[in-house]
Amino acid sequence: MANKSIIRKAGFGGGAVLILAVVLCLGGAGWGAVWSAPAQSAAQTGARTLPRAADGKPDLQGIWQAESGVGLDLEGRLTKNGAAGRSVVEGGTIPYRPEALAKRQENLAARQTADPMASCFMPGVPRIMYLDYPFQIFQTAEHVAITFEWSQVFRLIYLKGKPGPSGFDFWMGHSMGRWDGDTFVVDVTAQNDRTWFDAAGNHHSDSGHMVERYTLVDADTIRYEVTVEDPKTFTRSWKISIPLHRRKDMTRLLEFQCQAEAEEASGLFERDPRTWYTPKGAPAPGGGGR
Amino acid sequence: MKRAFRRALIVTMLVVPFAALLAPAQQRGRGGAGRGGAARGGRGASEPVRRMPDGKPDLTGMYLASSSGANYGLEQNPRDFLTPGTGGVVVDPPDRRLPYQEWARAERIERELPERGYDDPTAHCFVAGVPRSMYTPSPYQILQPPGYVVMLFERMSWRIIPLDNRPHLPDNVRLWQGDSVGHWEGDTLVVETTNFNGKAWLNERGDIVSHAQHVVEEFIPVDANTITYRATVTDPVVYTRPWTIQMPLNRRTVQDGDTRRDDQLLEVACHEDNGDLQHLKEVKDAARAAKQEKEK
């Protein structure tokens, strides 16, 4: 009875289950040099017309989604329907160390099963930001929260406060945010090495440091840029730039529960006709208790 | 008798190997090294309810329910062999029992069989639903961005509660966490939730809700660190009348120099490291095979 499942559902079955940490906040000093001048001037041009929150900061709140297909391959080689792709990586290619490039090729070849998302595992940052699913941004005085339709994953970005204990890592990393003028900048650290950047096997180590920049270019578009620094995997830092579009057709997020969908489809999680919803007009499922 | 013994035996086989892991893991996560040794909870003298600039209560913070074991049963239950006893959180009906219809009470008892452990959606790391999300033994962050109350659960799920009196989703849109709309009544946050898919369980004991579930929750601020939580569930498919549970939600803070601040959420990678579901499946498959054998 209850006990049989305590361990399971608690998700506390051993140290591996709780992957935790709160990690040193890196001030982000020195990253300014990475950002291209056009990004900043564009932000300034639209500054007067941008929606603003009560505190005067650009209002990023709302439901957003990246252009479809970006998450397939940042370098644009893999595409939907074999159409010509476009790299979102500045300079076109990711500057891998040789052994890391070999690992990428291995991942690429085995991607149907090796992709962590094929197992419905949390995608990590930045991949979660450019899936083909919408997400919603919320702003408060001390936090920016991002909730994702994909499997109800969320990010809680701290604007204030001290980092907690170190020594653990997270699937979704630890995020500290700050405003750099009208751009929201997030330092993401403490990610594990089990997530990929895309479905093409692009990967990182557990020493990755991602710096995200969210710049509202007009009321319905965010320029989302990420600079990746991970000396174990790459010969230098590299950068991606992806537009996020406001989902004006959505007033609320729904749910895509990846693992539940998979288990219902395979029969591993079975329908209970007495309690589950049946659409009106559909034949009532048989075998119920009512 | 025989069945009970066998159940206990299976439960022992299942639990003992993991029980040893469970305690240290929780300790690590909840105030041990994982939290930097910081004491959690830390409610001192009662401080007044915090306020937003518009005068509404400020519920922002990290909370954990003091639930009397509601995740193992909403009614009062004696401690079973290796099962935590539960204090009971039902405040209505007056007899503090859930007003089950006959079929549903039978199903609830059935869900206590070892082979039904597999059927609890949270054993699969699916989201807990409402109101269960509020009393799983794992903390959550409440935020109050403009126009919303947002709840982020450490076991990786969320609730988004708009405060704009919008209509609920069309009837054919069905969700694990349902569709919530909230409003303030004085200092009380009232949240109405519908559009459930009927897949969630209310706890590990198997208390039942269906797609017809309609939940009205009240978050009543008591002081800066305490919310009284009440949830009234109406579900005509399962129950003969509405019922209400109540429990305190306690804010979790840590000492930070001279001040206390909210503790930080961690991340429970439940599905990513779910190695034990297979055991529950084996128990279920074995029970099913035995039943088929008997029916032959």
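Residue numbers (our numbering), protein chains in the order written: chain A, 1479 to 1768; chain B, 42 to 337. C-beta atoms are modelled at their ideal positions from N, C-alpha and C, and glycine is treated no differently.
In this model, PRO1594 (chain A) and HIS1681 (chain A) are separated by some 11 Å (Cα to Cα).
Per the coordinates, the alpha-carbon of ALA1619 (chain A) lies some 16 Å from the alpha-carbon of ASP304 (chain B). In the DSSP assignment, TYR181 (chain B) forms a beta bridge with B:TYR104 and B:PHE194. Between the C-alpha atoms of GLY170 (chain B) and ARG1724 (chain A) there is a straight-line separation of about 28 Å. Following the DSSP letters along the chain, one finds ALA169 (chain B) in no beta strand (DSSP E), marked with neither H nor E. Between HIS1687 (chain A) and chain B, the shortest Cβ-Cβ separation is not below 7 Å.
For LYS1717 (chain A), the enclosing beta strand (DSSP E) has its first and last residue at 1716–1724. Residue range 1576–1587 is occupied by the alpha helix (DSSP H) that includes PRO1576 (chain A), with no beta strand (DSSP E) assigned at that position. For MET1654 (chain A), no chain B residue has a C-beta closer than 8 Å to its own C-beta; the minimum C-beta separation is roughly 11 Å.
Exclusion of the five residues before and after THR1699 (chain A) leaves PRO1721, LEU1722, HIS1723 and ARG1724 as the residues of its chain whose Cβ lies within less than 8 Å of its Cβ. Nearest CB-CB separation between ALA310 (chain B) and chain A: below the 7 Å threshold.
For PHE1632 (chain A), the nearest beta carbon of chain B is closer than 7 Å to its own beta carbon. The alpha carbon of GLY239 (chain B) has as its nearest neighbour, out of A:ARG1752, A:ALA1578 and A:GLU1577, the alpha carbon of A:ARG1752. The DSSP-derived three-state label of VAL130 (chain B) is coil. Taking 7 Å as the upper bound on Cβ-Cβ separation, chain B lies near no residue of the region 1673–1707 of chain A.
When only Cα atoms are considered, ILE268 (chain B) and ASP1647 (chain A) end up about 32 Å apart. Across the structure, PRO1612 (chain A) and GLN1539 (chain A) are spaced so that their CA atoms are roughly 13 Å apart. A distance below 8 Å between beta-carbons, with the five flanking residues on each side excluded, links TYR113 (chain B) to the following residues of its chain, in chain order: THR124, PRO125, THR127, ASN244, GLU245 and ARG246. Within the same chain, TYR141, GLY247, ASP248 and ILE249 come within 7 Å of ARG149 (chain B) by CB-CB distance, once the 5 residues on both sides are set aside. Neighbours of ALA1544 (chain A) across chain B, judged by C-beta separation under 8 Å, do not exist; the nearest C-beta is about 20 Å away.
Here PRO178 (chain B) is buried: its Cβ has 16 or more other Cβ atoms, across all protein chains shown, within 10 Å.
The beta carbon of SER174 (chain B) does not come within 7 Å of any beta carbon belonging to chain A, so the residue lies off that interface.
Under the three-state reduction of DSSP, HIS224 (chain B) is assigned to strand.
Under a 10 Å Cβ-count criterion, GLY96 (chain B) is classified as exposed, with fewer than 16 other Cβ atoms of the shown protein chains found around its own Cβ. B:TYR270 is the residue among B:ASP205, B:TYR270, B:ASP326 and B:VAL256 whose C-alpha sits nearest the C-alpha of THR229 (chain B).
From the listed residues B:GLU336, B:GLU116, B:GLU151 and B:PRO180, the smallest Cα separation to ASP136 (chain B) is found for B:GLU116.
In the same chain as LYS322 (chain B), and ignoring 5 residues on each side of it, the C-beta atoms closer than 7 Å to its own belong to TYR159, in chain order. For chain A, the residues of the region 265–294 of chain B that bring a beta carbon within less than 8 Å of one of its beta carbons are VAL278 and VAL279, in chain order. Assigned with DSSP and collapsed to three states, ASP264 (chain B) falls in strand. Listed along chain B, the residues sitting closer than 8 Å to GLU1741 (chain A) by beta-carbon distance are HIS165. By the rule that beta-carbons nearer than 7 Å mark a contact, VAL231 (chain B) does not touch chain A. Remark: C-beta atoms of ILE286 (chain B) and VAL191 (chain B) do not approach each other more closely than 7 Å. Per DSSP, TRP1542 (chain A) is one residue of the beta strand (DSSP E) stretching across 1540–1544. Here the C-alpha atom of VAL257 (chain B) lies approximately 25 Å from the C-alpha atom of MET1728 (chain A). Between ALA1697 (chain A) and PRO1529 (chain A), the C-beta gap is smaller than 7 Å, which places the two residues in contact.
Nearest neighbour of GLU1707 (chain A) by Cα position, chosen from A:VAL1666, A:ASP1533 and A:GLU1742, turns out to be A:VAL1666.
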